[in-house]
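Protein chains: 2
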Amino acid sequence: MTTGRSAREALRPEQFELIAKALADPRRVALLEAIASEKSCGCTTLRSKFPVSKATISHHIKELVRAGLVSAQRQGQFLQCRVRRDVLEAYTSSLLRRVGSGTDPAS
Amino acid sequence: MTTGRSAREALRPEQFELIAKALADPRRVALLEAIASEKSCGCTTLRSKFPVSKATISHHIKELVRAGLVSAQRQGQFLQCRVRRDVLEAYTSSLLRRVGSGTDPAS
DNA sequence: ACAAGAGTTCGATGATTGTCTAACTGTTCT
DNA sequence: AGAACAGTTAGACAATCATCGAACTCTTGT
């Protein structure tokens with residue numbers, strides 16, 4: 008389904024920073040991992056996997072959405088969230104590009 | 008010089024977390040970027056590029072070394088530090104692998 | 001031995017942040 | 001309408017962290 012070109016190009020510095028900060032908390036990465044591996048991933052479902060309150064889950068999801076790593080939409084009373092793998096890949100690409108040259112003497 | 012197999016395989020969770028935290032500070036990423044683009048990169052050289060004290064530079068470098076993203080050795084009174092690009096790549100690989108499946112319905 | 005320079009270590013401080021409880025909004029079902 | 005459930009928001013608190021100045025170690029050159 009072609010993914011849309013969306014985040015394939017470079018990230019804006021602001022988003023780069025938001026992503027890096029979002030990934031800095033191990034719990035949040037675990038959450039991201041759980042979202043990626045689940046089909047439906049409401050707060051309550053996720054909450055049953057982590058020993059944190061639903062307020063904390065909600066907060067983490069908000070941060071992940073703010074960083075662009077996750078897209079979420081209400082489905083009735085539930086929250087449907089999916090991992091934006093393209094954004095994650097854009098981040099890793101940007102990171103490798105920024106810290107790329109220097110080691111290889113070919114440049 | 009074949010790089011050694013070093014960090015090609017998966018990172019230990021502990022190091023994964025250290026790296027993520029190390030990359031969370033924009034200044035530290037900028038520092039990492041500067042180290043990657045410079046040949047010699049002592050604290051004083053780096054300090055001239057960022058408006059921070061040498062104590063702060065030293066602290067950031069220590070964190071980068073602790074995370075394994077940079078290797079540093081004293082060369083006389085100077086500090087010689089290089090970016091461990093293999094470790095950075097191991098991090099991005101681990102990240103993509105962890106948050107990998109789930110979006111594609113093929114599994 | 002002495003001075004100057006490069007980097008480290010030590011507290012201290014202000015800002016950020018992960019977490020909680022409690023109160024709130026919105027949805028679904030009877 | 002009312003109860004139960006899903007998620008959000010607000011305020012508070014503790015922990016972490018980036019930063020600094022100052023004192024320290026180690027090296028180099030005189």
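Protein chains in written order, with our numbering: chain A, 8 to 114; chain B, 8 to 114.
Glycine included, every Cβ here is placed at the ideal spot set by N, Cα and C.
query: Selected residue, minimal CA-CA separation from glycine 83/B, among Gly49/B, Leu38/B, Ala41/B and Ala37/B; result: Gly49/B
query: Simplified DSSP state of threonine 110/A, which is helix, strand or coil; result: Annotation note: pLDDT 46 at threonine 110/A (below 50); position unreliable, no value reported.
query: Helix, strand or coil at serine 137/A [DSSP, three-state]; result: One cannot answer for residue 137/A here, as it falls past the ends of chain A, which runs 8 to 114.
query: Chain A residues whose Cβ lies nearer than 8 Å to that of valine 72/B; result: Ordered by position in chain A, no residue passes the 8 Å Cβ test against valine 72/B, which lies about 15 Å from the chain.
query: Between the CA atoms of alanine 74/B and glutamine 22/B - distance to the nearest angstrom; result: 6 Å
query: 8 Å Cβ cut-off: residues of chain B touching lysine 56/A; result: What lysine 56/A touches in chain B: nothing, since even the nearest Cβ is about 14 Å away.
query: Pairwise C-alpha distance: leucine 30/A and alanine 78/A; result: Rather than alanine, the amino acid found at residue 78/A in this sequence is serine. Distance between the alpha carbons of serine 78/A and leucine 30/A: 16 Å.
query: Cβ of threonine 9/B within 8 Å of any chain A Cβ; result: Residue placement at threonine 9/B is poorly supported in this model, since its pLDDT is 46, which falls under 50; the coordinates still yield a value, given next. By this cut-off, threonine 9/B is not an interface position.
query: Cα-Cα separation between leucine 18/B and aspartate 32/A, rounded to whole angstroms; result: 16 Å
query: Counted within 10 angstroms of its Cβ, other Cβ atoms place arginine 34/A as buried (16 or more) or exposed; result: exposed
query: Alpha-carbon spacing of arginine 81/A relative to leucine 25/B, whole angstroms; result: 34 Å
query: Where phenylalanine 57/B falls: helix, strand or coil (DSSP); result: coil
query: DSSP bridge partner residues for valine 77/A (one or two, in chain order); result: Val90/A
query: DSSP-derived helix/strand/coil call for glutamine 22/B; result: helix
query: Closer than 8 Å at the beta carbon, the chain A residues around glycine 107/B; result: Ala43 and Arg92
query: Close Cβ partners of arginine 89/A (< 6 Å) along its chain, the five nearest in sequence each way excluded; result: Ser78
query: Beta carbon proximity, valine 59/B to chain A, threshold 8 Å; result: no
query: Proximity winner among Leu38/A, Val36/A, Ala43/A and Pro20/A, relative to arginine 91/A (alpha-carbon distances); result: Ala43/A
query: Paired residues, beta bridge with glutamine 82/A - DSSP; result: Phe85/A
query: Leucine 30/B (DSSP reduced to helix, strand or coil); result: coil
query: Straight-line Cα distance separating lysine 28/B from serine 114/B; result: Since pLDDT at serine 114/B reaches only 40, below the 50 mark, its modelled position is unreliable, and the value read off the structure follows with that caveat. Approximately 31 Å, taken between the alpha carbons.
query: Neighbour list for valine 77/A in chain B, Cβ cutoff strictly below 7 Å; result: The contacting residues do not exist; valine 77/A stays about 10 Å from chain B at best.
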